[in-house]
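J.: Can you read through this structure? Questions will come right after.
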DNA sequence: CAAATTTATGTGGGCGCACACATAAATAAA
DNA sequence: TTTATTTATGTGTGCGCCCACATAAATTTG
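Chains as they are written, first to last, in the numbering used here: chain A, 47 to 407; chain B, 47 to 407.
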């Protein structure tokens, strides 16, 4: 009942293990006759290589580069990083190692500066979160030139080259629809709902565009209440004066405001002001279980947060790369993770991460 | 930069690898002097064994038994099984194999009949879903006698012996609270909410008791609307006549019925009748993304389903056992998985499972 | 047809570890 | 002191695979 080994194949095909090895790795130098015998034996015995032994034998160290926004600038990224570390812990005995590079998505010009360093680091694969559309299209072009395969997480950039392995993350469009549904629980006829982008250069952030589209899509289908959908952009969130002014203006502009959908994790920057100047009817929906948002959720001032399984994103991406490099398994191109609806009552379970090496999706 | 190996330790401690091996495995036959030298070397070089090589060297096959309700009788169990298979696919190259035994929780007397077979199967570890309290306490006693460690999923049975490795699953109490919150979104003063157990022998199903407690707990804290909480038990769900009669009776008994919480995955058995005889104000909350429930969710007749991460439960349990047996890692005893609030808009993402060998939570 | 070249096949060492076995050192019994 | 006995230590083989190298067979060239 024990697994079929190379040797079993060799015996069955009446050749040496060296020949079988050559067939499996398509190294050539095998006669037609032997080739067929070996292939038949492999099929008959339903052989698949033992990747544990394979990993031990190929003593080559495999390096993976990770390129994500800095967790110290945006605490959201601590979570994917945690998943990445968890995966690293698992695959390190297979000779895999991980090197993390971080960027600031508010200063995308630095991304290009870091690119050469990453390209020349001798990495077998790159995991990147392409927050900035333009820069990362260039980055991935570089990957292509250097023949380095890559995986995307969190933000999806449509790429056609064959070095793009897969995307793992949320469906931004779907998350917009979900946000709409959550706000729609409490809408009344002729209410206003506001889509609020707290970022500059929206055009360059594909995921935000998709979220807005999804939100609007929901109300195209379900607009039984004649809800008024508005959208605004404001990026000076660190300038308190400007922020207050802006929010006052919003309240004035939209007297029937019943809900605010912030398309990033930055909802916490505006909740207080909306509550102060606006009516208490206003409900909020935003993204991500970062500390700053959680305090409002716990106080009941934010009703819903949408969680995008960040830890899982990082973990799955690394493990996918592992499968790809060690087992030659090609994953499906688009892997959408669940969009969790998080409120006070189920928050805890999302926070405590599963202990032990081997988490999983 | 390559990892420290046994040999490195041997050289540093000026002994042979055999001696190092003896120290690591506590096999004795090592002098005090040598012991100390080796321990010091291990600490200094921060050595940890390469579990890939270890697995290859210990050629022994490790068998894991899985004991869960039959997926053909309760389709919920297809999902944990999927996670189990996924994990199996990963660990099979490590010489691990899995054998699945199923039982019928409606006929717990058969559980004891199967027990000897499982105990004598030569398993290194058992994964069980202890739906029936009494029988599984006996079952786990047997595990203890036979010195076979075990992991619980989905239902938690408090056990004190040191062969109980861990529990992986939802927090039943918390899921009750969450259900209460979901129904409370639309309650009005003096509404009635009904906790409905569609099982017999509730006293023997610990998780159901906990769900009820959690539900009531929520309204102890949040009862601003003077909601009336009722609870009923009905188990003849396959007898349509009795079922209809029962539901009519409920409607009559509770004229202000605004919500029904079914504590298992069997909500689909009663939705239609409640909708037929009752007011359309009645909202439903139940568990599990099984096909029968999903059709109602998609039609908008069920608003919320609570998902208990079943696939993950199975996957994590097996991988936990793997870590436990191969890496000597002791996991934390209680691992609560997230309680996902699933509605029409985010359903899809929970259904499509991540492709590839190595999922992971 | 022998020699040189190309192509096909087999052999052996090693990855890091576990484990059986052989040997050496220390201690006890004769 | 010699011989058993116990205890300590080292060596060697193999897990399944990869890969470098040696050898053998087929083909080409002179």
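Each residue gets a CB set at the ideal place from its N, CA and C atoms; glycine is no exception.
1. With a threshold of 8 Å between beta-carbons, can residue 53(A) be considered close to chain B, or not?
2. Would you say residue 407(A) reaches chain B, if we count a Cβ-Cβ gap shorter than 8 Å as a contact?
3. Going along the segment 378-391 of chain B in order, which residues come within less than 9 Å of chain A, judged by CB to CB distance?
4. Between the C-alpha atoms of residue 298(A) and residue 397(A), what's the straight-line distance to the nearest angstrom?
5. Are the CB atoms of residue 283(A) and residue 315(A) nearer to each other than 8 Å?
6. Just tell me which of 308(B), 86(B) and 301(B) has its CA closest to the CA of residue 261(B).
7. Counting only runs of 3+ residues fully inside the segment 203-262 of chain B, write out the beta strand (DSSP E) ranges in chain order.
8. Taking its Cβ as the centre, do 16 or more other Cβ atoms sit within 10 Å of residue 384(A), making it buried, or is it exposed?
9. Comparing the C-beta of residue 231(B) with each C-beta of chain A, is any distance below 8 Å?
10. Can a CB atom of chain A be found closer than 8 Å to the CB of residue 351(B)?
11. With distances taken Cα to Cα, identify the nearest neighbour of residue 190(B) among 356(B), 155(B), 271(B) and 211(B).
12. Using DSSP with H/G/I as helix, E/B as strand and the rest coil, what is residue 126(B)?
13. Whose C-alpha, out of 159(A), 102(A) and 235(A), is nearest the C-alpha of residue 137(A)?
14. Does any residue of chain B bring its CB to less than 8 Å from the CB of residue 344(A)?
15. Does the segment 220-236 of chain A come into contact with the segment 254-268 of chain A, if we say contact requires no fewer than three beta-carbon pairs (one atom in each stretch) closer than 8 Å?
16. Would the segment 138-149 of chain B count as touching the segment 327-345 of chain B if we require 3 or more Cβ pairs under 8 Å?
17. Identify the residues that DSSP records as bridge partners of residue 115(B): which are they?
18. Less than 6 Å between C-beta atoms, sequence neighbours within five positions excluded: which residues of the same chain meet that for residue 354(B)?
19. What residue range is occupied by the uninterrupted beta strand (DSSP E) comprising residue 352(A)?
20. Verify whether the separation of the beta carbon atoms of residue 279(B) and residue 253(B) is less than 8 Å.
21. Under 8 Å, Cβ to Cβ, is there at least one residue of chain A near residue 396(B)?
22. Grouping DSSP H, G and I as helix and E and B as strand, with all else coil, what is residue 405(A)?
23. Hey, out of 135(A), 174(A) and 185(A), whose CA is closest to residue 155(A)'s CA?
24. Below 7 Å between beta carbons is the criterion; list the residues of the segment 155-177 of chain B that meet it against any residue of chain A, in chain order.
25. Consider the Cβ of residue 401(B): report whether some Cβ of chain A lies at a distance smaller than 8 Å.
26. Counting only beta-carbon separations shorter than 8 Å, does residue 333(A) have a partner in chain B?
27. Going by the DSSP bridge assignment, what does residue 408(B) pair with across the sheet?
28. How many Å lie between residue 92(B) and residue 275(B) at the Cα?
29. Against chain A, which members of the segment 90-120 of chain B pass a CB distance test of less than 7 Å?
30. Within 8 Å, do at least three Cβ pairs link the segment 168-178 of chain B to the segment 363-371 of chain B?
31. Compare the C-alpha of residue 63(B) against each of 317(B), 159(B) and 87(B) and name the closest.
32. Could you spell out the range, first to last residue, of the alpha helix (DSSP H) harbouring residue 394(A)?
33. Using only the alpha-carbon positions, how far apart do residue 164(B) and residue 248(B) sit?
34. Quick one: what's residue 277(B) bridged to in DSSP?
35. Are any of the Cβ atoms in chain A nearer than 8 Å to that of residue 48(B)?
36. Output needed in chain order: residues of the segment 227-258 of chain B with a Cβ under 7 Å from some Cβ in chain A.
T.: By the coordinates alone:
1. no
2. At residue 407(A) the pLDDT is 36, less than 50, meaning the model places this residue with poor confidence; the figure from the coordinates comes in the next sentence. True, the Cβ-Cβ gap to chain B drops below 8 Å.
3. 378, 381, 382, 383, 384, 385, 386, 387, 388, 389, 390 and 391
4. 37 Å
5. yes
6. 308(B)
7. 210-215 and 238-243
8. buried
9. yes
10. No, residue 351(B) lies away from the interface with chain A (no Cβ there is under 8 Å from its Cβ).
11. 211(B)
12. helix
13. 102(A)
14. no
15. yes
16. no
17. 149(B)
18. Within the same chain, residue 354(B) has close Cβ partners 216.
19. 350-353
20. no
21. yes
22. Residue placement at residue 405(A) is flagged as unreliable, the pLDDT there being 45, under the threshold of 50; a coordinate-derived value is accordingly withheld.
23. 185(A)
24. none
25. With a pLDDT of 42 at residue 401(B), under the threshold of 50, the predicted position of this residue should be treated as unreliable, though the coordinate-derived value follows. The beta-carbon of residue 401(B) is placed less than 8 Å from the nearest beta-carbon of chain A.
26. no
27. The shown model of chain B, from 47 to 407, leaves out residue 408(B), and the question about it has no answer.
28. 58 Å
29. 96, 97, 98, 99, 101, 102 and 107
30. Verdict: yes, contact present.
31. Nearest C-alpha to residue 63(B): 87(B).
32. 393-397
33. 27 Å
34. Beta-bridge pairing links residue 277(B) to 241(B).
35. yes
36. 227 and 231
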